[in-house]
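The sequence shown: position 526 = 859 (the working numbering), numbered continuously.
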Amino acid sequence: MKCHPDISERGFSVDWLVEEWTGPGVLPQIETSTITGFEDCVAADIVSLEPGLARIKLVVSDEAGTPVLKHQFLSIWMSLNTPAIDEVGQADPTGNTRLGDPPGDGIFDAGDLNGRIQVKVTGSFPHPLGPGGSFTLPTAWPDLAAALADDSDSNPDNNAARWDIHDDTTKVEGHPLGSACPTEKKSTTQDAVDNCTGGGDGGGFSRIFGDVVPFPVRGPFDPLQTSTLLADGRLNADDAPMPAARVDVSIAANKGGTDLGGVGSLEKADKTSVYSRNTLGTQLAHNYYAPFYATYIPATTRGPFTSGIDGPAQGNNFRGFLVNGLYDYWDIAEVLRTAVPVDTTCLRRKDETPQYRQTPDGWQSVVVYTDEHGEAQVEYNPGTGAYYNSLGIRNANGGCDLEDVDVLGTSDITATARYPYQPVSDTAKVSPSLIKTVKSLFTKYLVIYPKGPGDANSNARIVVAHAQDVDGSAFVNERVCFNVDSKADGVFGYSGQLTPTFSVNGTPAPPKGRNDVCQYTDSNGNAAVEVLNSDPEKINVIADFDPEGLLRSIDVDFGVAAPVPPTPPLPGKSPTPTDASTEAPPVQAAGDSKKKTIKVKASIRTAKLVKRGGKVYLVVRVNWKGHRYATLRAKLLGSRGRKLSTLTKKVRTNRTVKLRVSKKVKQARISLVR
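Here it is, written out as structure tokens:
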């Protein structure tokens, strides 16, 4: 579209011509039925199924056939390139502390906060002036400007600068001294292009000319809409007016059988939050630094005096645009596939609904459109759904034990870039796979606490049962029934303060059998009993996590000193004893083989993680009189209690040993192998 006073005052006839074409095949075609004129403007749709650049001439003539206006357009059609796909990490330009995958390595715990997937789409077209015979946008925009920019100004030296039409995506702040922005002004030749006077993501927005473009500021760039010119004073790749490409982001479906793929779901990533300085998207001055935050698809739905990509939105025998009007970045334009959760055979707990663990739930293939920089983002929700029929150990009580399950499932995610309107000969482009791994935090265990110091208290131990789900959340109000062997002098439910920072607040529950003691777990998933015994012997304690049909057991050794209190068991965490004790195999005394065996104590006197020179070490000392070696087992945990690996190592006793472990290790559960 071109608007000029001469068109209405002197124009009588209009001609549209394709003067030059750098692409293959036939010249772009002018759809003659779309040639229109109104007020001071004329317009026409020009189409091509091939990539290339066309010089298009508009000629307006008077009644005598004398040209009164000639205008030259440059129109580009691009072929899609393979999109780039990446996991957004906390340290990335658009990262924040709320991402479920802070390192951006694709590893999540079940139920983590959402992660984000970034997709970038580029386009190429043939041109003899381009490197290798083509230009690729947005990167080549400055080179293209240097080669082709022209203007009615007789001085050609500054023509390329006229192609500075947009801001960048950095958070660099500052506005020229003459700017209308009330704050953040300094001596600079560039403008941050942000909402320096406040308001929402529609502006107003500052620009290098010193003014503030009032609301509404919406894409795409249009020479006829001055509010879309957001020059920042620097010509770079961010100035390329990339058209909205359709991007289908998909999680590969589960293949059945033992396949663990197909977990997680996709949700909208809101550009208003993603590209805000405080990462929250709140309406604060200077917070929105990367307009546009919404755009018109197709461009001509903005109104009558607009140019750019035209419609109609729907074709007769092709789908066309999935949006017909204002599109908020990055709304889900359409859901192509949804995972519907169904029960598996893996029991979660029979006293709640649903009783059985379920398969994934949510959108797994969605459509979004790229912004003016060729970027789109979607959020990834790892969820807790998985294909549990292939996981866990089943028992005769219907229990499904996930204790030794590390990986619940994976997500194979791809982005497919498609032409946004009608089919062309060039095919859609599919990104490489982005693999995400969802891990389990499920655990059930028993841990022993001393009742207190002194001989009298040595006749009692507190046994705490801890229960947490795959997402690290506590199993609350779960009945745990404790069974103690007949050698014990007594057992009863316990609730109270065990350490200055740890208490158990379980409540009595109805017994399940004749001799058990049952407690409901507290808000942290803990329940406890107090075990009494005055003889120096082992008392076996079995905990029945009744709603789950799962068992755990531990030997309480009254023949050794009570263990130093371990780190309190909390949801998402496992205890890291700093001074735990275990019993070595019995050794018979010399002489009569029928005499009572003498129990020799082996103990872990110290166990700590130490960081030195950028490396992480597990520093351990095992004391065991009369023995040179002991076998140590360490369950290595990462952030949020995520199990990384199990280390089993034969170590020297009665001295400090340093074992190098992964930098990702944050905690360790230490025990001695009998």
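Even glycine gets a Cβ: it sits at the ideal position worked out from N, Cα and C. Please read all numbers here as calculations on a predicted model, not as lab measurements.
- Across the structure, residue 584 and residue 595 are spaced so that their CA atoms are roughly 6 Å apart.
- Distance from the CA of residue 503 to the CA of residue 623, rounded to the nearest whole angstrom, comes to 8 Å.
- In the assembly as shown, residue 754 is a buried residue. Its beta-carbon has 16 or more other beta-carbons within 10 Å.
- Apart from the 5 residues on each side of it in sequence, residue 675 sits with its Cβ closer than 7 Å to the Cβ of 691 and 692 in its chain, given in chain order.
- The DSSP-derived three-state label of residue 968 is strand.
- Listed in chain order, the non-local C-beta contacts of residue 590 below 8 Å within the same chain comprise 723, local neighbours out to five positions each way being set aside.
- Boundaries for residue 342: no beta strand (DSSP E) harbours it, while the alpha helix (DSSP H) harbouring it runs 338-342, taken from the DSSP string.
- For residue 863 and residue 786, the gap between their C-alpha atoms comes out near 15 Å.
- Put simply, the backbone Cα of residue 498 is about 11 Å away from that of residue 560.
- Distance between residue 689 and residue 740, taken at the CA atoms: about 19 Å.
- When secondary structure is reduced to three states using DSSP, residue 644 falls in the coil class, being assigned neither helix nor strand.
- The beta carbon of residue 746 sits closer than 6 Å to those of 584 and 767, all from its chain and outside the five residues before and after it, given in chain order.
- Taking one beta carbon from each stretch, the stretch 416-431 and the stretch 372-390 have fewer than 3 pairs nearer than 8 Å; the two do not touch.
- The beta carbon of residue 451 is closer than 6 Å to those of 419, 421 and 710 in its chain, skipping five residues each way along the sequence.
- Residue 526 and residue 378 have their C-alpha atoms spaced approximately 32 Å apart.
- For residue 804, the three-state secondary structure derived from DSSP is coil.
- When DSSP assignments are scanned along the stretch 431-469, the uninterrupted stretches of beta strand (DSSP E) that are 3 or more residues long and fall wholly within it turn out to be 440-442, 448-453 and 456-459.
- By the neighbour-count criterion, in which 16 or more other beta carbons inside 10 Å mark a residue as buried, residue 1006 falls on the exposed side.
- With a cutoff of 9 Å on beta-carbon distance, residue 811 and residue 879 are scored as near each other.
- Contact check between the stretch 360-371 and the stretch 666-681: fewer than three CB pairs, one atom from each, fall below 8 Å, which does not count as touching.
- The DSSP-derived three-state label of residue 481 is helix.
- Rounded to whole angstroms, residue 496 and residue 627 show a C-alpha spacing of 22 Å.
- Annotated three-state conformation of residue 633 is helix, per DSSP.
- Here residue 1000 is near residue 969, since their CB atoms are less than 9 Å apart.
- In terms of Cα proximity to residue 461, the closest of 539, 335, 995 and 355 is 355.
- Between the beta-carbon of residue 951 and that of residue 967 there is about 6 Å, and that keeps the pair under the 8 Å contact cut.
- Counting along the chain, residue 607 sits inside the alpha helix (DSSP H) bounded by residues 604-607.
- Note on geometry: alpha-carbon atoms of residue 737 and residue 775 lie some 9 Å from one another.
- Counting C-beta atoms within 10 angstroms of its own C-beta, residue 625 has 16 or more neighbours from the protein chains shown and is therefore classed as buried.
- Beyond the five residues adjoining it in sequence on each side, residue 714 comes within less than 7 Å, by CB distance, of 447, 597, 598, 600 and 695 in the same chain, given in chain order.
- Non-local C-beta neighbours of residue 519 in its own chain, meaning closer than 6 Å and more than five positions away in sequence, comprise 507, ordered along the chain.
- Contact between residue 340 and residue 393 holds, since their C-beta atoms are separated by about 6 Å, short of 8 Å.
- For residue 736, no beta strand (DSSP E) segment is defined, and its DSSP state is neither H nor E.
- Fewer than three pairs of CB atoms, one per stretch, sit closer than 8 Å, so the stretch 835-847 makes no contact with the stretch 884-892.
- Per DSSP, reduced to three states, the secondary structure at residue 750 is strand.
- The stretch 828-838 makes contact with the stretch 851-866: 3 or more CB pairs, one atom from each, lie closer than 8 Å.
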